[in-house]
Amino acid sequence: MSGQGGKTNPGNFFEDFRAGQVLRHATPRSVSAADQVLYTALTGTRFALNSSDEFARALGLPRAPLDDLLVFHIVFGRTVPDVSLNAVANLGYAGCRFGAPVYPGDTVTAESTVIGLRETSSGTSGVVTVRSLGRNQHGETVLEYIRWVLVNKRDESAPAPAPVQPDLPESVSPAQFALPAGMDFSGYDPVLGGAPHLWDDYAVGERIDHVDAMTLEEAEHQMATRLYQNTAKVHFNQHQAAAGRFGRRIVYGGHVISLARALSFNGLGAAIRVAAINGGRHVNPCFAGDTIYAWSEVLDKMPLPGRADVGALRLRSVAVKDRACSDFPLTGTDGKPDPAVLLDLDYSVLLPRRGTAA
Amino acid sequence: MSGQGGKTNPGNFFEDFRAGQVLRHATPRSVSAADQVLYTALTGTRFALNSSDEFARALGLPRAPLDDLLVFHIVFGRTVPDVSLNAVANLGYAGCRFGAPVYPGDTVTAESTVIGLRETSSGTSGVVTVRSLGRNQHGETVLEYIRWVLVNKRDESAPAPAPVQPDLPESVSPAQFALPAGMDFSGYDPVLGGAPHLWDDYAVGERIDHVDAMTLEEAEHQMATRLYQNTAKVHFNQHQAAAGRFGRRIVYGGHVISLARALSFNGLGAAIRVAAINGGRHVNPCFAGDTIYAWSEVLDKMPLPGRADVGALRLRSVAVKDRACSDFPLTGTDGKPDPAVLLDLDYSVLLPRRGTAA
Amino acid sequence: MSGQGGKTNPGNFFEDFRAGQVLRHATPRSVSAADQVLYTALTGTRFALNSSDEFARALGLPRAPLDDLLVFHIVFGRTVPDVSLNAVANLGYAGCRFGAPVYPGDTVTAESTVIGLRETSSGTSGVVTVRSLGRNQHGETVLEYIRWVLVNKRDESAPAPAPVQPDLPESVSPAQFALPAGMDFSGYDPVLGGAPHLWDDYAVGERIDHVDAMTLEEAEHQMATRLYQNTAKVHFNQHQAAAGRFGRRIVYGGHVISLARALSFNGLGAAIRVAAINGGRHVNPCFAGDTIYAWSEVLDKMPLPGRADVGALRLRSVAVKDRACSDFPLTGTDGKPDPAVLLDLDYSVLLPRRGTAA
Numbered sequence: 294m295s296g297q298g299g300k301t302n303p304g305n306f307f308e309d310f311r312a313g314q315v316l317r318h319a320t321p322r323s324v325s326a327a328d329q330v331l332y333t334a335l336t337g338t339r340f341a342l343n344s345s346d347e348f349a350r351a352l353g354l355p356r357a358p359l360d361d362l363l364v365f366h367i368v369f370g371r372t373v374p375d376v377s378l379n380a381v382a383n384l385g386y387a388g389c390r391f392g393a394p395v396y397p398g399d400t401v402t403a404e405s406t407v408i409g410l411r412e413t414s415s416g417t418s419g420v421v422t423v424r425s426l427g428r429n430q431h432g433e434t435v436l437e438y439i440r441w442v443l444v445n446k447r448d449e450s451a452p453a454p455a456p457v458q459p460d461l462p463e464s465v466s467p468a469q470f471a472l473p474a475g476m477d478f479s480g481y482d483p484v485l486g487g488a489p490h491l492w493d494d495y496a497v498g499e500r501i502d503h504v505d506a507m508t509l510e511e512a513e514h515q516m517a518t519r520l521y522q523n524t525a526k527v528h529f530n531q532h533q534a535a536a537g538r539f540g541r542r543i544v545y546g547g548h549v550i551s552l553a554r555a556l557s558f559n560g561l562g563a564a565i566r567v568a569a570i571n572g573g574r575h576v577n578p579c580f581a582g583d584t585i586y587a588w589s590e591v592l593d594k595m596p597l598p599g600r601a602d603v604g605a606l607r608l609r610s611v612a613v614k615d616r617a618c619s620d621f622p623l624t625g626t627d628g629k630p631d632p633a634v635l636l637d638l639d640y641s642v643l644l645p646r647r648g649t650a651a
Numbered sequence: 294m295s296g297q298g299g300k301t302n303p304g305n306f307f308e309d310f311r312a313g314q315v316l317r318h319a320t321p322r323s324v325s326a327a328d329q330v331l332y333t334a335l336t337g338t339r340f341a342l343n344s345s346d347e348f349a350r351a352l353g354l355p356r357a358p359l360d361d362l363l364v365f366h367i368v369f370g371r372t373v374p375d376v377s378l379n380a381v382a383n384l385g386y387a388g389c390r391f392g393a394p395v396y397p398g399d400t401v402t403a404e405s406t407v408i409g410l411r412e413t414s415s416g417t418s419g420v421v422t423v424r425s426l427g428r429n430q431h432g433e434t435v436l437e438y439i440r441w442v443l444v445n446k447r448d449e450s451a452p453a454p455a456p457v458q459p460d461l462p463e464s465v466s467p468a469q470f471a472l473p474a475g476m477d478f479s480g481y482d483p484v485l486g487g488a489p490h491l492w493d494d495y496a497v498g499e500r501i502d503h504v505d506a507m508t509l510e511e512a513e514h515q516m517a518t519r520l521y522q523n524t525a526k527v528h529f530n531q532h533q534a535a536a537g538r539f540g541r542r543i544v545y546g547g548h549v550i551s552l553a554r555a556l557s558f559n560g561l562g563a564a565i566r567v568a569a570i571n572g573g574r575h576v577n578p579c580f581a582g583d584t585i586y587a588w589s590e591v592l593d594k595m596p597l598p599g600r601a602d603v604g605a606l607r608l609r610s611v612a613v614k615d616r617a618c619s620d621f622p623l624t625g626t627d628g629k630p631d632p633a634v635l636l637d638l639d640y641s642v643l644l645p646r647r648g649t650a651a
Numbered sequence: 294m295s296g297q298g299g300k301t302n303p304g305n306f307f308e309d310f311r312a313g314q315v316l317r318h319a320t321p322r323s324v325s326a327a328d329q330v331l332y333t334a335l336t337g338t339r340f341a342l343n344s345s346d347e348f349a350r351a352l353g354l355p356r357a358p359l360d361d362l363l364v365f366h367i368v369f370g371r372t373v374p375d376v377s378l379n380a381v382a383n384l385g386y387a388g389c390r391f392g393a394p395v396y397p398g399d400t401v402t403a404e405s406t407v408i409g410l411r412e413t414s415s416g417t418s419g420v421v422t423v424r425s426l427g428r429n430q431h432g433e434t435v436l437e438y439i440r441w442v443l444v445n446k447r448d449e450s451a452p453a454p455a456p457v458q459p460d461l462p463e464s465v466s467p468a469q470f471a472l473p474a475g476m477d478f479s480g481y482d483p484v485l486g487g488a489p490h491l492w493d494d495y496a497v498g499e500r501i502d503h504v505d506a507m508t509l510e511e512a513e514h515q516m517a518t519r520l521y522q523n524t525a526k527v528h529f530n531q532h533q534a535a536a537g538r539f540g541r542r543i544v545y546g547g548h549v550i551s552l553a554r555a556l557s558f559n560g561l562g563a564a565i566r567v568a569a570i571n572g573g574r575h576v577n578p579c580f581a582g583d584t585i586y587a588w589s590e591v592l593d594k595m596p597l598p599g600r601a602d603v604g605a606l607r608l609r610s611v612a613v614k615d616r617a618c619s620d621f622p623l624t625g626t627d628g629k630p631d632p633a634v635l636l637d638l639d640y641s642v643l644l645p646r647r648g649t650a651a
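Chains as they are written, first to last, in this note's numbering: chain D, 294 to 651; chain V, 294 to 651; chain X, 294 to 651.
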């Protein structure tokens with residue numbers, strides 16, 4: 294086969310997807326300490342587990358693993374060219390579980406399986422649901438999540454694939470959490486960890502204003518998004534964006550998640566491991582120049598079966614722009630989302646328990 | 294020797310150069326995975342060979358080498374203080390060959406030999422041609438290229454050095470390509486590589502619109518240029534630039550080359566190794582805020598002697614600002630370069646051949 | 294203990310400090326080559342010792358150590374949440390000594406001891422002086438310095454701690470310099486080092502215009518400051534800063550020190566090791582958009598006891614904004630600091646001596 298044209302990747306359109314289809318994603322990614330360093334410089338994260346090899350060893354790990362969300366973004370980035378290049382919108386996430394920690398030197402590959410398909414009533418697009426999987430070079434799962442996106446059709450008259458209804462978990466249960474092998478939270482040092490408040494100290498319904506804030510620059514979100522090799526055009530092309538709905542580049546929603554998580558260190562510093570993301574919504578787009586604040590609420594407090602050293606919190610973390618969070622903004626008096634809210638994230642974290650630490 | 298003054302490097306002026314002179318450049322550079330990670334964050338490159346150790350091993354290399362152009366910029370950066378600190382203009386490149394791959398842990402040194410000298414008719418400057426060489430710590434050549442620059446004289450009345458006419462190759466022939474020892478392209482996985490189109494699939498004269506685009510920020514090109522320790526003042530000093538011809542900092546032309554190459558992944562993803570740069574022209578200066586698009590044309594298609602696993606393409610890649618490339622902009626109707634064109638690069642790349650891969 | 298509120302770190306207020314109190318700082322930091330690479334990309338530093346493993350080995354070190362000021366910033370960053378979160382102003386530094394070099398793979402921890410306390414006459418704040426110490430994973434001191442800050446009281450009526458007068462050295466004497474074990478400056482290669490002028494070549498009173506300049510972007514200083522995990526709010530929150538005195542984010546003063554040091558390579562390139570910081574003053578705040586120039590003066594020239602291979606210079610380095618330094622700006626005709634001056638730094642550096650090196 295040879296000849297003119299057709300060399301660029303047009304991405305998959307709605308009618309290209311098939312239920313059960315497995316998409317092996319391109320550009321496997323060897324990660325290094327540099328990924329963590331650059332992620333730190335872009336987000337300001339301060340969790341000691343990802344910052345210090347010595348701290349990680351005291352918890353039974355061989356060295357500092359990469360930040361959980363950095364792993365999420367690297368896996369997610371790989372899926373974009375096959376899953377969401379023609380996406381109109383990211384509709385949701387579910388059932389996201391973090392597996393084996395990712396260490397410098399590991400190589401991450403990703404694949405996705407189509408588990409849901411539904412044409413929209415207009416017939417011009419459809420909702421595609423995939424289960425994406427990140428693996429390390431040993432074949433261990435480092436991340437698993439379900440994501441559904443609204444994807445355009447190439448040809449409106451193309452027959453729609455038969456509808457398939459995906460099975461979406463409401464949340465990831467503690468029994469499904471993957472505790473890293475050998476990890477013992479009783480080695481947690483609250484002083485070096487920077488957080489005296491352990492699992493025992495949180496109460497369901499408690500809300501925490503994370504106080505700190507970060508103003509975001511174009512160069513920062515572009516560098517972060519390229520670090521993940523996420524190719525979605527809306528983040529990078531001002532020439533095209535100028536003519537679009539917002540007139541501006543849109544910040545990768547995952548970067549807002551990372552900023553919210555980094556800000557949450559102040560108040561949730563002992564939440565050293567993200568176990569799961571139960572769901573999340575990008576309520577409003579984020580742009581360069583926005584100053585990101587965040588607050589969190591404890592939705593649930595869960596012991597872990599057979600573990601006295603570690604417990605889980607289910608959290609709602611809300612990222613807000615250009616507005617301090619002492620009054621925990623979420624919904625306006627009209628019942629609609631507060632226009633300052635960017636992100637409403639539901640996720641679960643692991644914290645050392647007081648019984649054994651300190 | 295002691296005393297006041299004369300401590301800063303004034304750079305070489307035209308009358309300081311001598312034919313045959315060898316300039317050993319300062320600041321040897323140990324490279325690491327971090328260079329590749331930061332380069333990825335600054336350019337968005339997605340070539341699997343430079344991204345994944347496992348992918349590189351499948352092709353017979355010990356691990357992922359650094360991006361070829363990153364190596365070019367690092368060698369080039371070293372030469373600036375001795376060769377082009379007083380340059381008025383970069384006039385051209387020729388005979389650029391990539392040699393041994395550069396791996397994390399390697400230390401790169403650079404030297405240049407003066408191979409051409411010619412005073413301009415005005416008597417105020419002259420053209421200096423150097424052959425620059427980058428070597429690793431084993432003494433292996435990692436890069437070799439010829440570059441000519443227009444350099445001011447310190448003293449207009451200084452006698453010009455005797456003119457020497459350099460020998461400039463029109464292009465680098467396939468016989469001169471340095472295929473990395475042990476590299477076997479038949480291990481190329483087109484799915485992980487992200488590019489189903491191999492050497493066999495391209496035709497001479499074929500043109501490819503790379504579709505994607507990148508808007509460039511001041512922080513990004515400054516960080517890239519400092520990463521290479523390139524000290525050319527025009528890239529960094531807005532205070533001085535404000536009074537200059539453009540009123541702005543000029544983006545290092547090499548960064549435009551890197552962006553064009555990164556964008557070319559979409560359409561030329563299997564071109565995993567740059568073998569040579571035959572020539573190139575920075576048609577217009579690039580500034581922060583520009584959105585870079587790119588397109589390529591296949592100038593030639595060359596088998597490699599004794600190799601069934603790999604072939605070469607000679608490409609023209611054109612970088613364009615603030616304008617999509619579906620109509621392959623290059624020359625206006627008046628025969629002059631389209632003012633949107635930034636770069637017109639002539640280079641050769643290696644791709645796996647279909648016969649043996651997949 | 295459980296329940297609502299109080300989870301965020303309010304920082305220490307003046308009345309929280311006690312003389313002799315030891316503060317162990319959070320978030321130990323494993324460093325890697327990536328820290329040096331990113332620091333290079335952010336500052337443009339070109340000192341060969343920190344750039345090349347081979348160059349470092351020729352000087353008797355196992356590999357390239359991290360830039361001294363990078364180590365300073367990493368230690369300093371750790372102290373912020375405990376020492377200066379409620380600081381009104383950084384008043385000064387003294388007695389800063391660099392100890393064991395920090396290598397990729399090392400883990401740096403920090404602690405501070407309160408050595409001075411004095412309530413201000415207004416009764417609303419007080420001066421806290423701490424001695425901060427950075428250590429590697431072997432317990433070796435990598436950095437030691439004294440810093441005093443003006444800290445607010447939480448409660449103006451709170452009784453002030455008993456005043457304690459700290460002992461502040463005027464400077465660090467050569468006898469106190471920590472020469473890295475095994476380091477022999479006679480292996481210095483002036484060509485690769487990029488600096489023909491060695492210790493012998495400098496004279497007391499000599500002034501050097503470093504010529505080059507760097508325009509600073511918001512993304513750059515934010516990334517640098519987050520790289521150090523320095524959480525001081527004034528550097529990151531434009532939403533809050535807009536309502537403040539300057540209307541803008543203030544650049545971390547340490548970044549200005551780093552830029553001055555990087556610029557000083559041109560004229561002081563053989564000053565490959567910072568031995569001490571004797572004192573320093575941030576004369577004016579620095580903002581994004583400023584173009585930083587620098588000049589230096591040799592304050593003193595000191596042989597080192599028992600060493601023929603290396604000598605020390607005590608330097609004043611002055612960073613200036615938006616103004617070339619050929620006339621060495623410092624004090625206006627009115628005797629007040631020139632408003633363009635940002636930084637007036639007094640520090641000591643080590644240079645190879647001519648006797649033994651080439």
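We put the CB at the ideal spot given by N, CA and C, even for glycine.
Within the DSSP bridge table, the entry for D/V634 names D/V613 as partners. Here the segment 377 to 385 of chain V does not lie against the segment 588 to 605 of chain V, with fewer than 3 beta-carbon pairs under 8 Å apart. In terms of CA proximity to V/S551, V/R339 leads the group V/P467, V/R339, V/N445, V/Y438. Residue contact check for D/M507 against chain X: a CB pair falls below 9 Å. V/Y438 carries a strand assignment under DSSP once its states are collapsed to helix, strand and coil. When secondary structure is reduced to three states using DSSP, D/K300 falls in the coil class, being assigned neither helix nor strand.
Close partners of D/D615 in chain V (Cβ separation under 8 Å) are lacking, with about 21 Å as the shortest Cβ gap. Using a Cβ-Cβ cut-off of 9 Å, V/V544 does not count as an interface residue toward chain D, since no Cβ of chain D sits closer than that to its own. Under the Cβ criterion of 9 Å, X/D637 is not counted among the residues facing chain D. Chain V has a Cβ within less than 9 Å of the Cβ of X/V484.
Residue burial annotation: D/H431 is exposed, with fewer than 16 other C-beta atoms found within 10 angstroms of its C-beta. Contact of D/D328 with chain V is assigned, a C-beta pair being separated by under 9 Å. No Cβ of chain D is located within less than 9 Å of the beta carbon of X/N343. Between the alpha carbons of V/R350 and D/A569 lies a gap of roughly 33 Å.
Excluding the 5 residues flanking it on each side, V/L335 has same chain C-beta neighbours closer than 7 Å at E513, M516, A517, in chain order. With respect to the C-alpha of V/V421, the residue from V/F310, V/Y481, V/D399 having the closest C-alpha is V/F310. Shown here for X/G392: same chain residues with a beta carbon closer than 7 Å to its own, the five before and five after excluded, namely E433, T434, V435, L436, E437, A471 in chain order. Residue-level contact by beta carbon holds for X/N302 and chain D, with a gap shorter than 9 Å. With contacts defined by Cβ atoms closer than 9 Å, X/V330 and V/L331 form a contacting pair. For V/S589, the number of other beta carbons within 10 angstroms of its own is at least 16, and it is reported as buried.
A straight line joining the alpha-carbon of X/A525 with that of X/I543 spans about 10 Å.
Under DSSP, X/I585 takes part in a beta bridge, and its partners are X/M507, X/K614.
If the five residues before and after D/N530 are omitted, its C-beta is found closer than 8 Å to the C-beta atoms of R542, all from its own chain and listed in chain order. Note: V/T624 is bridge-paired with V/P630 in the DSSP secondary-structure output.
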